[in-house]
Structures are given as C-alpha cells and as structure tokens.
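Numbering (this note's numbering), first residue to last: 286 to 1006.
No residue lacks a Cβ here, since even glycine has one placed at the ideal position from N, Cα and C.
As structure tokens, the structure follows; a few thoughts come after it.
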Amino acid sequence: MKTASADSVNVWAGFRKDFKLSTKPTALVLTIAVDSKYWLYINDQLVIFEGGLKRGPNPRDTYADEVDIAKYLTVGENTISLKVWYFGKQGFSHNSSGKLGLYISSSHTALNSNASWMVKRLREYQTSDDPKPNFRLAESNILYDASLADEAWFLKKKSTKKNGFQPVEVYGPKGIAPWHNLYVRPIPQWKDFGLKNIDLATIRQHGDTIKVKLPYNMQFTPYLKVEAKAGQLIRMLTDNNTTYNGSTDNVRAAYKCRDGVQEYESLGWLNGHELYYIIPSGVKVLGLSYRETGYDTEFTGTFNSSNTFLNKLREKAARTLYITMRDNYMDCPDRERAQWTGDAVLEAEEAFYALSPSSHQLTRKWLKELIDWQRIDGSLFSPIPAGNWSKELPDQILASIGYYGTWMYYLHTGDRTLLVETYPQIQRYLALWEITDDGLVKFRDGDWTWGDWGENKDMLLLYNLWYYLAVKGNYEVAKVLNKPQDAAKYLSFMQQFKKTFNARYWNGISYRDPAYSGRTDDRVHALAVLAGIAEESFYPAIKRVFSLERNASPYMEKYVYEAMYQMQLPEEANRRHEERFATMVNNDYFTTLFEGWGIGKDGFGGGTVNHAWSGGGLTIMSAYICGIKPLSPGYKTIAIKPQIGNLTFADARVHSVNGYIKVSIQQDSTEIRMQLDLPADTELTLPAKSYKAVTINNEPVASKGNLLSLAKGRWTITLKK
C-alpha cells in the first residue's frame, strides 16, 4: 500500500484475501512478514494477537512468523485478513525498513502475497496529540476515531469490491529491499491472558479520571465499552506515563467516540500499576477491561526461605524480569523497551532460575542479535536491534560475550550450536583490545565509557576485569569447540594477567589504579573475586571494602552480592543486600524493582520504577543459598552447594532443560536436613564445615570431607552438628 512520505508514521492497513478450498487441510503453515506488527483473522476469528517481531535479526533483514492456520479453515469460502501496524520510525529496539509491506507464502499458493490481495488504509487509526513518546520508542500514541471506522472490514460477509479496498501494490519477491532476507521467528507468539473485567463497583473516580488498580506491573492493552456522543474523547494511560515515567514521555492511547454504544481495545501495549481512563462528562461507562499479554513462559522456578525480605525481593525480581521480556529483553517497559546488553546478562541468568525453558529462546535471540549486528570494524554495540543508536559500551559487551553471557547460556542449555554460530565474531571483537607487554589490557574507550551508574568508578580496573571474564568464558568455549590453539593462548593470557594484575593493583588493603583518586570501588573487588583473580588471602581486606563502600548501582550490586557468597559470607551478603534494596522492596505500592536506589531524580538515568538489572538477587538465592548450578552443560550433571547461613529454612526449584531440580534445606541448633529431587547425577557439597554424623535416606554413612556423589532420584540427607 502506497503512503505519502509526509504520512508514513503510525500507519495502519487492512490486508484481505478471499479464497476457496475443496478440502480441509490437516496443516497449512503461513510464513508472514511485516514491518512492524499484525493481527491475523481467519474466517472472522482472531488467530494471532500482535504477530511479528521488531526488526531485525541484523541491520538488513526482517523476522517472519510461521503460523499453522489449518484448524481455522473450512471447505468452501474462506477469508484471511491482517491488520498491519507500521511504526514508520526508528527506536532503540526497532530498525525500521522505511516502508509498509506484507509478505505471505504457504504451500497453498493461492494465499501467497500477490496482486490478488486487497488492501485499505485504516484511517480510524491516527496519532494522538502531544506529548509524543521519546525518541527511544518506535511506537506512537494511538488515537482511534470510531466515526471513521469500518469495524467489519475483515469479516467474510464484507465485500472488498467497495468499502475502500484497492488492489495491493506488488513490490517484488522475497529478498528485495528494504526488507531483504527473512529469518524465522525464534521465540513463541505472545501468551494471551484474556480480557479481565474490571468491577465497576470497586473503581475510584477523581473528577473525570477513573483509576483502576492492576494486580501488578504488567504489559496490557486497555478495553472499554461506553455509550457516548460522536466526538467525545477518552484517554487511556497509566501511572508509568504520568508519574513514574522514567523522566520522559512514553506511550498512551486515546479513543474518539461515535454515537451510541461502542466498545474498543487499544492494541498498543502499555504498562503500569494503575490504569487511568480520562472520560468526559456525559459518557456512560458500561464496561472496562484489560488484556495482559507477555512472553510465553511459566514461573516454574521458585524460592522460599525463612527470610521474609529475601522472599519479597525474589517475588519482585521475578515480576521485574517478566515485564521486561517481549520482542527482546528490555531495560524497562516504559521509557525505552531497549535491549541493553548488560541488563540482558542479568535477565538471562534470572530466567534460567525463575522461568520455564521456553525463556531460553529469548536469551538465544539476544546473543545472536548482539553478534549479528557487529560493525564492519569488528566492534559490537547495544541496544540492538536499533535504528537510531550505535554506541559501544565496552564493559557491557565484554560481560555479554564471555563467562556471564555466552558461556552461562551454554552451561544452562547445552546449546553448542550457539557457540559455533557466534565464536568467530566474538574473536574479532576481542582482537580489538590491545594487550600490554606485561599482560594487562590497554584502556579502550569504545563510544561510551560507562562502567556503571553512580560515582567512584575505577575504570581501568573495571575494563581489565571484564576483559578477563570475557577471555575466561572464551577459553571454556574454545575447549568445547576443539580449538586447542585458542584455548592455549587464552590460558597463557589468564595466567600472566592474574600475576601482573595483583602485583600492580593490589596494595595490601584494596585494589586500586594508582592514577585513580576516587573512593575504593566495590565493583572492582566483586569482579576480582568472581574472576578468580583475588587470592583467598585477600578476602579479609575485601570483606572490609564491602563493609565500607556503597558505590555500585543496583546493576553492579548483583556482582557484589555474588562475590560475597563466593567468599563464603552468606550472612554478611544478605545483610548488605537488604540494606541496599530495602527502600524499593519494602515499598508496597510497587511490584517491581527500580532503576536506581530511588525514583525519578533520586534514581539513575531517569529513575524508572521497573528495571531489569535490579533483580540479580534472584539468581543468588537459587544458585548460592540453595546452591543449584549446572556442573556440566545442559544440567547433564548437577552441582548442589548450598550456603544457608543463619536461615532456618530455604527451598528452591529450578526448571532445567534436563527436568526439575528441587532443593529443600532446614536447620536448627542440632542438625541440618536436606531433601533433594534430582533428574541427573549430582555432586553435593555439604553445607557445614564440620558435623558429627551423616545419614542418607535414613542410613548412616561414613563420609570423609564435604563432597558427596548422588545419583538421579530423591534423597534425604541429615547432618548432625
């Protein structure tokens, strides 16, 4: 469908094809590609709610859905219709092709996109008045003018010979510019929770505004049923648009009424804790609803303990994670919807512990996109996919391509193919970094020398340690891919690096670049511990650093928390984490975690109230308190190494690719009791430095040391203190 260059943003079109079938097929898969989103109707029935993915898999190409429509077809007359939303502008998570278009192919050639299809401009979809969403968002504010709408355009009974339809304009075959090659959608279609009715007797009204409290911060589309006069304007927005907006404008919606009784669902998703309807005088409200949609996964991972703060933190972290998953991992669902890769590192690891394995597909998509957007000079950047951003944040890239990114993904999934697909490009990126004669890393600015929000960043050391962790991950990958020369090179680098780094930057009480004049950086010490650079003899001094310094943002605080557990300091780790996160966890208005330690100007980067990177504590609870980790890729073997500290009980369940892993631990002054449900052979490290007796399934065992080997099955273990 042609659009004028001055009328190319937020364009909606209805595509339709009527066809006949002599027999009902058992399977009929459509390949559907659009820029940017579509709603698919077959024989008057909505089949796909918001299909399509934001572009793109790389800077040129486009994603395509595969949808089996056989069960919706009948013998005889059939109608297929697609409502297509063309964003028409760039964003931090969308690379616009610059042209509205539809591609369809299937084994039933009559359905293929060609000159036989009809199209009409859906002029009822317009753009609402200012303020517009900020430049990071490709989506526009949707205004729907019901007086212009032909709400039956997609129905079988509706003729395409009139009613504004015209033949489509055929641009060419698959592969042409500006859409180029098509990549099959790598993640599921959205989970649709259905319309939830709002009890009108319970709503709060303040003047012209109806306020609806939602059960939690969610991705949703608002619905209304009203009786009104033509031209009356209803606005729909949330508290995340008006009050907690991350210091800039984001998306909202509006509806211009026609005469009489009418209903409408605004199709651009919003998010928030409260939904607001601003309704003019004289409009009679007959019904209000909302439809939650989101990434198709389940909250199958669990954690519970005797510490109510940890339980509440974990609940909010899981909710924070889920609302930042859709087309891509996001930093926040309101201000940006952008796949900042440092955020995604934490989100992916949380997903392994909190969600069902379908979530792994989004992690794979992130890593593939990060690598496939590599620039000609070998550098990488994020967020991607993006049409109006291209800056490299070196520390976030290094976090993603090494131990905590690609290697962590492989450990949890066993997906060796991803390693094969990304390894060469990762080596190109690592080669951009220069190594000094004595084995350290020269500072490399990239495009944004970030490091973290906040102050007191010892940047040279941060970059060196992130590079080391990237190499550590790639050393493991090289061994898996049978690249002995690369593995030997990386091992040699790591050995020399540790020696030189400690000699140059450890001064007896802390790590510090002699040229750095700020406060001691707790982030550096966390990474040094996690990388294995810090000697255990340094731990007492590092413990003191963690007791004195509070420089890390919620993003880097995850690594501090993890490092303290690595140092066998569970009680101190929990105490620090609670101190740092208490304000946001104990705020009962919010079900999600903040971007910074406060909101708005009291936070970082705009101060959103839902930011993916703040939920890293979720990982620590399952991976360290209950101690569940993959010992070999894909959980073919399992490591259980709990650190329960002073908790009286803790239990966790992980939905791994090899089945459910369950760990339950209780302790009192006399004994520790553990129950384990294991889908594979497991190496258990006992959670006590010394004990008088051990029983396994009520049978006493003579065990030396703290390591036990357990086979698949259910085990009950008791340690007498």
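The closest CA to that of Tyr-714, considering only Ser-685, Ser-988 and Ser-307, is found on Ser-685.
Counting the other Cβ atoms within 10 Å of the Cβ of Asp-887 gives fewer than 16, which makes it exposed. In the structure shown, Phe-866 adopts helical secondary structure according to DSSP, grouped into three states. In the DSSP assignment, Val-332 falls within the beta strand (DSSP E) that extends over 330–336.
Shown here, Phe-831 sits in a helix according to DSSP, grouped into three states.
Asn-328 and Lys-384 have their C-alpha atoms spaced approximately 28 Å apart. A residue is called buried when at least 16 other Cβ atoms come within 10 angstroms of its Cβ; Ala-431 meets this threshold and is buried.
In chain order, Tyr-540 and Ile-564 place their CB closer than 6 Å to the CB of Ile-519, counting only its own chain and leaving out the 5 sequence neighbours on each side.
Of the candidates Glu-635, Phe-889, Leu-992 and Trp-791, the residue whose Cα lies closest to the Cα of Tyr-689 is Glu-635. By the criterion of at least three beta-carbon pairs nearer than 8 Å, the segment 729–745 is not in contact with the segment 755–774. Residue range 691–698 is occupied by the alpha helix (DSSP H) that includes His-697. The beta-carbon separation of Pro-507 and Tyr-456, rounded to 35 Å, does not stay under the 8 Å limit for a contact.
Taking 7 Å as the cut-off, the Cβ atoms of Gly-557 and Thr-523 count as close. By the 16-neighbour rule on beta-carbons within 10 angstroms, Trp-402 is buried. Looking at Leu-509, Ser-975 and Pro-918, the one whose alpha-carbon comes closest to that of Lys-569 is Leu-509.
With respect to the 7 Å criterion, Leu-754 and Ala-816 are classified as neighbours on the basis of their beta carbons.
Contact annotation: Pro-642 and Val-948 have beta-carbon atoms that are not nearer than 7 Å. Within the DSSP bridge table, the entry for His-379 names Gly-376 as partners.
Rounded to whole angstroms, the gap between the alpha carbons of His-645 and Val-352 is 21 Å. According to the DSSP assignment, Phe-782 belongs to the alpha helix (DSSP H) that extends over 769–790. Nearest in C-alpha terms to Thr-311, of all of Asp-346, Leu-358 and Gly-892, is Leu-358. If you compare the alpha carbons of Asp-662, Phe-666 and Lys-443 with that of Trp-651, the shortest gap goes to Phe-666. Here Ala-867 is actually not in contact with Thr-922; their C-beta atoms are around 38 Å apart, not less than 8 Å. In the DSSP assignment, Asn-363 forms a beta bridge with Phe-304.
Checking the DSSP bridge columns, you'll see Tyr-575 partnered with Lys-481 and Pro-507. No Cβ-Cβ contact shorter than 7 Å links Leu-647 with Met-693. With a beta-carbon spacing of about 22 Å, Lys-339 and Ser-366 fall beyond the 8 Å limit used to define contacts. Fewer than three Cβ pairs drawn from the segment 707–723 and the segment 954–968 lie within less than 8 Å of each other, which leaves the two stretches out of contact. Inclusion of Leu-746 and Val-809 in the CB contact set at 7 Å is warranted, their separation being smaller than that value.
The bridge partners DSSP lists for Trp-1000 are Leu-961. The residues Leu-313, Leu-315, Ile-327 and Val-332, in chain order, have a CB closer than 7 Å to that of Ile-354 in the same chain once the five nearest residues on each side in sequence are set aside. Excluding sequence positions up to five before and after Ser-381, its CB lies within less than 8 Å of the CB of Asp-320, Ser-321, Arg-340, Phe-372, Gly-373, Lys-374, Gln-375, Ala-423 and Gly-672, all in the same chain and listed in chain order. Sequence-distant partners of Ile-1002 (beyond 5 residues in either direction) whose C-beta falls short of 6 Å from its own C-beta, in its chain, are Met-959 and Ile-981.
Taking each of Glu-632, Leu-766 and Leu-683 in turn and checking the Cα distance to Thr-904, the smallest one comes out for Glu-632. Less than 7 Å separates the beta-carbon of Phe-637 from that of His-697. In this structure, the alpha-carbon of His-896 lies about 8 Å from that of Thr-877.
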